[in-house]
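Its first residue numbered 171, the sequence shown is counted upward by one per residue in our numbering.
Cβ atoms here follow ideal geometry from the backbone N, Cα and C, with glycine treated the same way.
Just so you know, these numbers come straight off a predicted model, no measurement behind them.
What follows is a short report on a single structure.
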Amino acid sequence: MMRTYKRSILAAALIAAIGLAGCSDGDDGKDGAPGEPGAPGTPGTPGAPAGSVVDTVASAADFVLSLAPADIVVVGGDDFAIKFTVTGKTAKGEDVPFSGLDKVALYVMNQAANTTDTGAPLLWESHTLTNEFGSSMYCTPTGMAEARGGAEVEACTLVEDEANPGTYTGTWEHEGNAPVVLADGDANNLHRVMVRSYDVVDSTGEGIADKLLSTPVDFIPATGELAVSEKDSVSNASCIKCHTQMDGYEATDIRIANIGAHHNYQKVENCVACHNPAYAGGEDDPEKGFNANWNAMIHTLHAGHHIDDLEGEAAEMFGEIGFPSEINQCTACHDNGMQWNDNVYAEACVSCHTDVDLATGENHLGIVPESDAACSGCHGAGSLSPMQAHNVAARAIATDSIEIALNSVSYTESATVDMDEMVITFDVTIDGVAVEDGFEFTNFTKYDEMKTGWIDTDGTYYGSASVNLNGVAASAGQLMVTQLGEFNLDGKSISVTPRFSVCADSEGMLIECLDSSGEAQYDVGYVAVTMAPAYWNLANADGSGATISRFSDPARVTADEAKCNTCHTSLGIAKHYGNERFDQCVGCHNDTWGGSYHVAVEYKTDAVDENGDPVFETIEGLTYSNRDLFTVAHRFHSGLWDDNRGFPAIHLNSDMETQGYPAVATECAACHKDDVSLFAADGGLTSGKRAIAVDAGATMFISPTAEACRTCHAHSSASAMAHFKSNGAIVEGDPASTANLPVESCATCHAEGKTYGIDIMHAGGAH
């Protein structure tokens, strides 16, 4: 016992000593020798190299989901299956697998022959709508998804291949087959599949602004071959002419940038996934007022501003849409085949001709067709065919056939007031043949004016006077017109530009505008003639050495008439004056004839008058006192207008938002030339314009660069005006009495290539 006790005391003492040593500062001990290194561990599985996959993208165009027909099962008795790959761009612009996708929606349809006598020859059929499941089917990792309304719905099970990141498969793990599979469908029909992806973010965690939609795949399931739809009579390129093209996509995958409905499904091919015969009808329902089938709805929508009897949702959604071309010009949109002319059926016709009741024959000469098969009996060819009944291309034919050209000018300046004499001779041909002696334009014209302005040495246009051709008889193929007045043009260069339009029939032939009883008899009115602006130097008898307007110098014009015409078809349609070129418009729209018929800016309130028409109110403090061409073009297209001459197709609503402009508002290239600077080397405008007159006598002036910015809605505020003034601009409301204004300093920050350059600030809808 004694020995045991002593050992216990010794152990306690050792423990106490060790404990005390552990509480010391450690300076009195020495480190022991290092131990032997341990054996190497088992190597782990190598990780993916940095940057070999991504789970974010900067834009929708950087996200590419690819499908192949061999990986899609959506028809017949086989189980649903789908496989696809997804890539995303790295910060270096490299395409690598996109990992982590956890929700998609599949849109599946097929194109089948119509076996009835009613409707289009080919019809789209949505698989999910046919199976009463909705417009699409979700796929998620859990096989369940939350639908738009918040309800939980069955979904296909989405699995990413761990061995191949960015490769995904979808299967149906619920009872029966997936709702995108059409069990009794025809595998020989063209099928279309499009996939929408959800919940994809950029590197900051923000959601991608645009929808992430795959390129639609058209194929024949029976063979696995790719196919081309015969129904696609309107291409995406046609829509883009007005609605702007999305950036970043391949030339083979162009997409529409600015479609407000459903936040933009980007392609015509995608729209028909829902807008197909499954949703047809509704035009007879006063609460709806339109047929939601694509071929009908798209007509009603674009004709909205022209249809007086729209009601319900149609009136609310479409009633203010103004088609920028002529509504009867079918080829303005139909650019892919002649289906629009060859396939005549009621559904398409009455979507524009809403006052026609084919059940009673009302507004159809009492004719009640038994079925659509009977329509071609009258409308299949001849004057009642869509091509001829709509006068398609008649305007262009008429314009091309009638040509007026300046032959000569003689001028005598008189000491007597108002007795300066100008004699102008024009050559006139129709279909290339000089007009006969005695021919007059009288009775054929809507406007018959030839404007005679003069050009300063710097290319600035000044209005002077005009001559009228009505009442002048032709001799030897020429019209000679004399005008007297106080012109004071001796030795100057003059410009002769048309404000001239005529009437034509359905064949594009010149026709008298009124019949013997005074009723209109033309098919196409306000038709421009072919006439280039002409310049004549009054200092030389032969007119040589004339100074031309800056509007006729391509290097000084940054806007592009061809781009205007992509949406308007012809600039002559926008107004009735027969002007199809900027250097014709300059006769009125120039920087020296101040004033405006639309000084105040009005917005559309939420109120209506006793007739149900919208009420417009003035925006206080916002005025424009010039009719310069860019001022008018910018103002009108951004909605800074009024209703003085009828409802403006583009206007501001009560929230001060621009309504009716079809393109992306900040896309300058929609109208301006590509790769052309808006600023000159000296900081002024490329045009050389340095001042704009704001009164009719051209005695008061403002700066042009600030006015160019202010005429767009985003820059029309009081704060913007203060910014302009602080940077050297002479502005509306505080004009100068000289046209010799200093160049504004706008280009210092906003010239192309600068940090805040117009090309940067207007990129990607920056406003």
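- Message: Could you check whether T599 and E573 sit closer than 8 Å to each other, using their CB atoms as the reference points?
- Response: yes
- Item | Whole-angstrom distance between E591 and S584, CA atom to CA atom | 8 Å
- Query: Identify the residues that DSSP records as bridge partners of Y581: which are they?
  - Reply: M592
- Message: If you follow the beta strand (DSSP E) that W706 is in, where does it begin and where does it stop?
- Response: 704-707
- Message: I'd like the ranges of any beta strand (DSSP E) spanning at least 3 consecutive residues and lying wholly in the region 726-758.
- Response: none
- Message: Which of the three DSSP states is assigned to D570 in this structure?
- Response: helix
- Query: Quick one: any contact between the region 900-909 and the region 816-832, if contact means 3 or more CB pairs under 8 Å?
  - Reply: no
- Item | Range covered by the alpha helix (DSSP H) that runs through W510 | 509-512
- For A230 and I378, the rounded distance between their alpha carbons: 6 Å
- Tell me, to the nearest whole angstrom, how far the beta carbon of C841 is from that of D730; I am working on the premise that it is less than 8 Å. 7 Å
- Is it the case that the CB of F250 approaches a heavy atom of the ligand HEM more closely than 7 Å? The ligand HEM is absent from the structure shown, which contains no ligands of any kind.
- Message: Rounded to the nearest angstrom, what separates N463 and N561 at their Cα positions?
- Response: 26 Å
- Collapsed DSSP secondary structure at Y631 in the structure displayed: strand
- Are there 16 or more other CB atoms within 10 angstroms of the CB of M171, so buried, or fewer, so exposed? Confidence at M171 is low in this model, with a pLDDT of 37, below 50, so the placement of that residue is unreliable and no value is reported for it.
- On the DSSP bridge assignment, give the partners of G764 in chain order. N796
- Please go through the same chain and pick out, in chain order, the residues whose beta-carbon is closer than 7 Å to the beta-carbon of G192, but skip the five residues on each side of it. With a pLDDT of 42 at G192, under the threshold of 50, the predicted position of this residue should be treated as unreliable, though the coordinate-derived value follows. Excluding sequence neighbours, G192 sits near nothing in its chain.
- Going by other Cβ atoms of all chains shown within 10 Å of its Cβ, with 16 needed for buried, is G854 buried or exposed? buried
- With a Cβ-Cβ cutoff of 8 Å, do W763 and A839 count as a contact? no
- Distance CB(S296)-CB(N446) smaller than 8 Å: yes
- Item | Three-state secondary structure assigned by DSSP to R669 | strand
- In the DSSP assignment, find the beta strand (DSSP E) that holds Q558 and state where it starts and stops. Run containing Q558: none in the beta strand (DSSP E); it sits in the alpha helix (DSSP H), 556-559.
- Q415 - partner residues in DSSP beta bridges: I426
- Message: Using a 10 Å radius around the Cβ and a threshold of 16 neighbouring Cβ atoms, would you call K262 buried or exposed?
- Response: exposed
- Please determine if the region 283-303 and the region 344-356 are in contact, where contact requires at least 3 C-beta pairs separated by less than 8 Å. yes
- Message: Between the alpha carbons of T869 and S907, how many angstroms are there, rounded?
- Response: 6 Å
- Task: Provide the residue span of the beta strand (DSSP E) that contains P267, from first to last.
- Result: 265-267
- Three-state class that DSSP yields for C193 in the structure shown: Reliability of the predicted coordinates at C193 is poor, the pLDDT of 41 falling under 50, and the value obtained from them is presented with this limitation in mind. Reduced to three states, the DSSP call for C193 is coil.
- Message: Taking only three categories from DSSP, how would you classify F135?
- Response: Here the chain covers residues 171 to 937 and nothing more, so residue 135 does not appear.
- Where does the unbroken alpha helix (DSSP H) through H297 begin, and where does it stop? 297-300
- Please state whether DSSP places Y308 in a helix, a strand or coil. strand
- Check the DSSP bridge columns for H361 and list the partner residues they point to. N280, F389
- Query: Hey, out of N735, V227, H885, whose CA is closest to G375's CA?
  - Reply: V227
- For A933, the three-state DSSP class (helix, strand or coil): helix
- According to DSSP, is C326 helix, strand or coil? strand
- Task: Could you round the C-beta distance between N760 and D812 to whole angstroms and report it? I think they count as a contact, below 8 Å.
- Result: About 22 Å separates the two Cβ atoms, so there is no contact after all.
- Query: If you draw a straight line from the alpha carbon of K616 to that of S671, how long is it in whole angstroms?
  - Reply: 5 Å
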